[in-house]
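J.: Under this note's numbering, the first residue of the sequence shown carries the number 641, and numbering increases by one thereafter.
Glycine included, C-beta positions come from ideal geometry on N, C-alpha and C.
Below are the structure tokens for one structure; questions will follow.
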Amino acid sequence: MKLWGGRFEAGPSEVFERFSGSLHFDKRLIDVDIRGSIAYASALKHVGILTTQERDELAAAFLAIQKDSQTPEFWQGAVDQGADEDVHTLVIRKLKERAGTLADKIHTGRSRNDQVSLDIRLWLREEIDATLKELLGLMSALVDMAKRDPTAIVAGYTHTRRAQPVLWPHYLLAYFEMFARDLERLKETRKRVDVMPLGSGAMAGSGFPFDRDAIAKDLGFASITRNSMDVSGDRDFALDFLHAANLTMLHLSRLAEDWILYSGEEYGWLELGDGVTSGSSIMPQKKNPDSLELIRGKCGGVFGDYSALFLTMKGLPMTYNRDMQEDKPRIFDAADQLRGSLEMARVVVETTRLNPARPLAAVEESWAVATDLADALARSGVPFHQAHKIVGRLVLESVRDSKKPADWTAQALAEFDPAFTADMARYVKPAEGIETRELPGGTGPKSVAKALADASTRLAEMNK
Ligand code: ARG
């Protein structure tokens, strides 16, 4: 069925129908399309286009269609044979089957342009809520993991080189912060999605005096859009969502990359759960981190979704253009990959265990405590650049003589350079330097314990 045709002498070519149809992807909007249409029927009643009885009749038909749509038979023919151009057309065809000519009134004053904007907003609103839940689940798993090894010391890296010792919970909480920002960003996005566009018509505003605030209230929207032309040409809210999805995927891909490395033989810090790893068809010993690799891999697809819609929208003349139909595959794909990746990451975090001896050995074998020694010198009055030079020479000599920090006694240090006083020798132990970093945001044990407790409180707050 078509929602147009009177002006044409010939129907669309088979190729064009196949090329332009969107039902195979926008069918996912059927529930929200029906919900929006029921609200629209009420709005039509208020402006006198439908009687109360007609409104009720249409609403009942819509609900019956919604129920039918859960059966496979409902979709037979519709998708494969291109019977309907899009989901909006399909729903109206089904409405005609049930309500006869009364169905011809439903599209009064409405365009698919404001209808599709409404549908995507309704769909995204629910999707964002589900994604927020999933994100909170991951954050909570990170906090639980941090609580499991509160005192474990690991190497922090810059340039993939051992940099400074940090507490393991400090590392995990760094990801907690990234995801906390992602949560805020998604909530911000939700605000921009939560605006009701119906009444905009094709682009000039509907020719019927709808109480748009009442429609918004009916559908649970916080407010109404302010300009009909803007509505018709706008997909900013979808791009906002894709941006939020992108940053979350970016954070997930970095976590995945870290853990792929940390669970490998070269690091040996983490043991991934059997349930999130796979074996090799030829190498019997393998336990591969496929779950994390796929999270990292899917990130590429979501970045692509963002670029695709961004470039589709670039330079479009006002207002609606059919190009915009290409928004939905991008939105759906990004939403699916994001939610799936968050869920996968949560299960990985829940089932991964730290082997604290290995990262501690990585710290002790290296000169990750060098900054702690230089800081100690600076605290005693040695200007930092001179302290840096002294410790740099100490590291150079140690590397030449294959000496580790623990090989240096207080006496040997004083002999190396008299600036080293007896009490500074304790900084060859990583735990000592960590204890000097007691400031908000630092890796000192008290600061980290507080940050961890705060994270739990914040989570409880965010879960409300
Ligand atoms: N399927 C279309 C879309 O998603 C609906 C809007 C069609 N509007 C139009 N003027 N052809 O964009």
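Give the DSSP bridge partners of Leu-807, in chain order.
T.: DSSP, once it has assigned bridges, lists Ile-793 as partnering Leu-807.
J.: Is it true that the stretch 736-745 meets the stretch 856-873, where meeting means three or more beta-carbon pairs spaced less than 8 Å apart?
T.: No, the stretch 736-745 does not touch the stretch 856-873.
J.: Thinking just about the alpha-carbon of each residue, which of Leu-698, Arg-830 and His-810 is nearest to the one in Ala-1093?
T.: Among Leu-698, Arg-830 and His-810, the Cα nearest to that of Ala-1093 belongs to His-810.
J.: How far does the alpha helix (DSSP H) with Ser-709 in it extend, from its first residue to its last?
T.: Element bounds for Ser-709: n/a, residue is neither H nor E.
J.: Would a C-beta distance cut-off of 8 Å place Asp-822 and Ala-884 closer than the cut-off?
T.: Result yes, Cβ atoms of Asp-822 and Ala-884 sit closer than 8 Å.
J.: I'd like the span of the alpha helix (DSSP H) that includes Gly-676, first residue to last.
T.: Looking at the DSSP string, the run of the alpha helix (DSSP H) that includes Gly-676 is 670-686.
J.: DSSP on Met-958, reduced to helix/strand/coil?
T.: Three-state DSSP puts Met-958 in coil, outside helix and strand.
J.: Report all residues from its chain with a CB closer than 7 Å to the CB of Phe-861; omit the five preceding and five following residues, and keep chain order.
T.: Within the same chain, Phe-861 has close Cβ partners Asp-834, Val-835 and Met-836.
J.: Nearest by alpha-carbon distance to Leu-772: which of Ser-1038, Lys-1044, Thr-888 and Leu-643 is it?
T.: Taking only the C-alpha atoms, the option nearest Leu-772 is Thr-888.
J.: Would DSSP call Val-835 helix, strand or coil?
T.: Correct three-state label for Val-835: strand.
J.: Quick check: the stretch 948-955 against the stretch 861-871, are there 3 or more CB pairs under 8 Å?
T.: Segments in contact, no.
J.: In this structure, does DSSP put Ser-921 in helix, strand or coil?
T.: Coil.
J.: Less than 8 Å between the C-beta atoms of Gly-847 and Gly-915, yes or no?
T.: No, they are not a contact pair.
J.: Would you list the one or two residues that DSSP bridges to Arg-802?
T.: According to DSSP, Arg-802 bridges with Tyr-797.
J.: Report the three-state DSSP secondary structure of Asn-928 (helix, strand or coil).
T.: DSSP places Asn-928 in strand when its eight states are reduced to three.
J.: Work out the CA separation of Leu-776 and Glu-966 for me, nearest whole Å.
T.: When rounded, the distance between both Cα atoms is 31 Å.
J.: Below 8 Å, can you find three or more Cβ-Cβ pairs linking the stretch 957-975 to the stretch 928-948?
T.: These segments touch.
J.: Regarding His-747 and ligand 1, is the C-beta to nearest heavy atom distance less than 7 Å?
T.: Not under cutoff, so the answer is no.
J.: Would DSSP call Glu-911 helix, strand or coil?
T.: The answer is strand: DSSP assigns Glu-911 an E or B state.
J.: How big is the Cα-Cα spacing for Gly-839 and Ile-689?
T.: So the two alpha carbons sit approximately 14 Å from each other.
J.: Is Ser-868 near ligand 1, with its Cβ less than 7 Å from a heavy atom?
T.: Outside the cutoff, so no.
J.: By alpha-carbon positions, which one of Arg-761, His-664 and Leu-782 ends up nearest to Asp-724?
T.: When only C-alpha atoms are compared, the closest one is His-664.
J.: Inspect the CB distances between the stretch 799-810 and the stretch 1076-1094 and report whether three or more fall short of 8 Å.
T.: Yes, the stretch 799-810 touches the stretch 1076-1094.
J.: Is the beta carbon of Val-672 within less than 7 Å of some heavy atom of ligand 1?
T.: The answer is no for Val-672.
J.: Please confirm whether Glu-713 and Ala-739 have their CB atoms less than 8 Å apart.
T.: Contact flag unset, no.
J.: When the Cβ atoms of the stretch 922-930 are set against those of the stretch 1009-1024, are three or more pairs found closer than 8 Å?
T.: No contact exists between the stretch 922-930 and the stretch 1009-1024.
J.: Cutting at 7 Å between CB atoms, please list the residues of its own chain near Val-871, excluding the five before and the five after it.
T.: Contacts found: Asp-754, Ser-757, Pro-837, Ser-840 and Thr-865.
J.: Between Tyr-815 and His-891, what straight-line distance do the alpha-carbon atoms span, to the nearest angstrom?
T.: Straight-line Cα distance between these residues: approximately 8 Å.
J.: According to the Cβ coordinates, are Ser-903 and Pro-929 closer than 8 Å?
T.: Cβ distance < 8 Å, so Ser-903 and Pro-929 count as in contact.
J.: Restricting to runs no shorter than 4 residues, where is the alpha helix (DSSP H) found entirely within the stretch 995-1029?
T.: Whole alpha helix (DSSP H) segments, 4+ residues: 997-1005 and 1010-1019.
J.: Ignore the nearest five residues each way along the sequence and tell me which others in Ala-820's own chain have a CB closer than 8 Å to its CB.
T.: Answer for Ala-820: Met-779, Arg-1098 and Met-1102, listed in chain order.
J.: Check whether the Cβ atoms of Asn-995 and Glu-911 sit closer than 8 Å, and answer yes or no.
T.: Contact: yes.
J.: Would you identify the three-state DSSP class for Arg-1066, choosing helix, strand or coil?
T.: In this structure, Arg-1066 counts as helix in the three-state DSSP scheme.
J.: Which residues mark the beginning and the end of the alpha helix (DSSP H) in which Thr-991 is found?
T.: Residues 967-991.
J.: Tell me the residue span of the alpha helix (DSSP H) that contains Asp-754.
T.: Looking at the DSSP string, the run of the alpha helix (DSSP H) that includes Asp-754 is 752-788.
J.: Quick check: is any heavy atom of ligand 1 less than 7 Å from the C-beta of Asp-666?
T.: Because some heavy atom of ligand 1 lies under 7 Å away, the Cβ of Asp-666 counts as near it: yes.
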